Amino acid sequence: MLKIQINSGENIERALKRYKQKFNRTGVRRELQSRKQYAKPSIVRREEIQKAEYVQSLKDAEQI
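Right under this line is the structure:
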């Protein structure tokens, strides 16, 4: 359970924004979406490799 301390005089929208950021960092939403549909382990590995290649290409382009 996530808890957000609201400071005195703090806007409720600001507290809600902090809650949403904290919720996104926990990965609960991503976990729920991934459980909606079964993905074969080979496909999961392939997606991880593709993501790693993409990130590496961005890092390589940044160094040039």
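Heads up: the sequence shown at position 37 corresponds to 111 in our numbering, and the numbers run straight through without jumps. Virtual Cβ for every residue (Gly too), placed ideally from N, Cα, C. Computed from a prediction, not measured in an experiment: that's the story for all the values here.
Where A89 and T100 are concerned, what is the direct C-alpha to C-alpha distance, given to the nearest angstrom? 17 Å
Straight-line Cα distance separating Q79 from V118: 38 Å
In three-state terms, what does DSSP make of K94? helix
So, with DSSP's three-state summary, where would you put Y112? coil
Rounded to whole angstroms, what's the CA-CA distance from Q95 to M75? Just pull it up for me. 14 Å
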